[in-house]
């Protein structure tokens, strides 16, 4: 058993499971702030009911993210010691900044969001929501800064075989960082929008017509409908940045073997790296040149220019297509739902049924996008600085295989439990409607926030 392959599988499984939860909390914090501000402005109890339904999802997702993040960080020492030995002077501070400036902020004020309503002033409760929402975004900023630096490293020098920082501004705001951060924040917004819309559609199918359901459903649908075209544009700009700085990744994404003009856009193929060709190819003539160079005669890089220095083609090619295909489906579903909600103030049952599984479409698109990005960096762990094979530790393959099996079993059970809790919360909210008591408020009375609170 190859410890390199097993260690990569283990870290891939860990980060795949971990990223599901920050992808929710990053944007959900801001949605909760929107719910709270709408309640403050209108005094409508439906907004605060939506808030307390979804703050439970936020808390659960935050806890799951913390637990999986801790196990992932341990692997830097157990499985990948060469990583911290080579670039720890840069990776260490960036990870520390994330904990010091964001994690503590979220952890400290989440309790007020959950239990402080009517126990602290309305202003303090709102401020806690602001700080937690801001903390999730700051956390994403530092993590994306490190990941982007690994993709497009800058602002450092190698001394005695170790990377040392010479310009922190260049390190943090490396060439791909602004594009990657924008892409990730929008991905989180879409993930949360579809999750809210999906669970609200489940409530709708169960006969719930409460105001809190309608407000959550409209928020999810209309936010998704707005964000998806922005994400498509941001993704295009990110692709152009990748073409400039990581052309071999683009070549793998397009399964293009030979550099040249008039390159077709491959819709379907089974890339064959041994034969250096695509089998069963279905393509649009000149499409890749048009998309990447905005000209049908534009030159697109080919894999044959990077012998031994390009990523595995099959997973990158298909990861990218799954991400794009999911995004197109998101566009169709969100715009269709927005049309019916705007014009008819209802949802056709087939569309509502489709929206329930689409509630997890953001996860699918995010995972496909991350596989494209991370596998597309291979064979490098830090592009041009450290190869993945040079970072793995001297751990026996059998040991890694055992822990990998334990991880996979545990993560499967946790994921089933997590999804079960989400469905339970949605069904409970559907059953209670607008009649359940709010935290700190008597069941028979619902007061508006007093002026100056």
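Residue numbers (the UniProt record's numbering): 1 to 453. Glycine included, C-beta positions come from ideal geometry on N, C-alpha and C. No experiment lies behind these values; they were computed from the predicted model shown.
Distances from the CA of residue 239 to each of 276, 291, 295 were compared; the closest alpha carbon is that of 291.
If you keep only unbroken alpha helix (DSSP H) runs of at least 4 residues inside the region 332-401, you get 349-358, 361-375. Going by beta carbons, residue 375 and residue 307 fall outside the 8 Å limit.
Residue 217 is not a Cβ neighbour of residue 193, given a cutoff of 8 Å. Burial of residue 106 is indicated by the presence of at least 16 other C-beta atoms within 10 angstroms of its C-beta. One thing to note: residue 381 has its Cβ within 8 Å of the Cβ of residue 150. Boundaries of the beta strand (DSSP E) around residue 157: 156-159. Shortest Cα-Cα distance from residue 166 to any of 173, 174, 172, 157 involves 157. Excluding its 5 nearest sequence neighbours in each direction, residue 278 has C-beta neighbours in its own chain below 6 Å: 255, 269, 271, listed in chain order. Here residue 98 is buried, its C-beta having at least 16 other C-beta atoms within 10 Å. In the DSSP assignment, residue 282 forms a beta bridge with 268.
With fewer than 16 other beta carbons inside 10 angstroms of its own, residue 396 counts as exposed.
Here DSSP, grouped into helix, strand and coil, assigns residue 116 to coil.
Short of 7 Å from the beta carbon of residue 224, and not among the five residues preceding or following it, lie these beta carbons of its own chain, in chain order: 190, 193, 194, 197, 330, 334. When only Cα atoms are considered, residue 75 and residue 11 end up about 7 Å apart. Residue pairing by DSSP puts residue 163 in a beta bridge opposite 158. Between residue 89 and residue 162, the C-beta gap is smaller than 8 Å, which places the two residues in contact. Burial check for residue 266: the Cβ neighbour count within 10 Å reaches 16 or more, so the residue is buried. Proximity to residue 362 across 3, 20, 101, 6 peaks at 20, based on C-alpha coordinates. With contact defined as three or more Cβ pairs closer than 8 Å, the region 392-407 and the region 2-9 are in contact.
Under the DSSP definition of a beta bridge, residue 277 partners with 272. Taking a cut-off of 8 Å for Cβ pairs, the region 164-179 and the region 46-61 do not touch, as fewer than three such pairs fall below it. Rounded to the nearest whole angstrom, the C-alpha separation of residue 111 and residue 142 is 24 Å. Sixteen is the threshold: since fewer than 16 other Cβ atoms of the shown chains lie within 10 Å of the Cβ of residue 304, the residue is exposed. The beta-bridge partner set that DSSP reports for residue 235 is empty. For residue 138, the three-state secondary structure derived from DSSP is helix.
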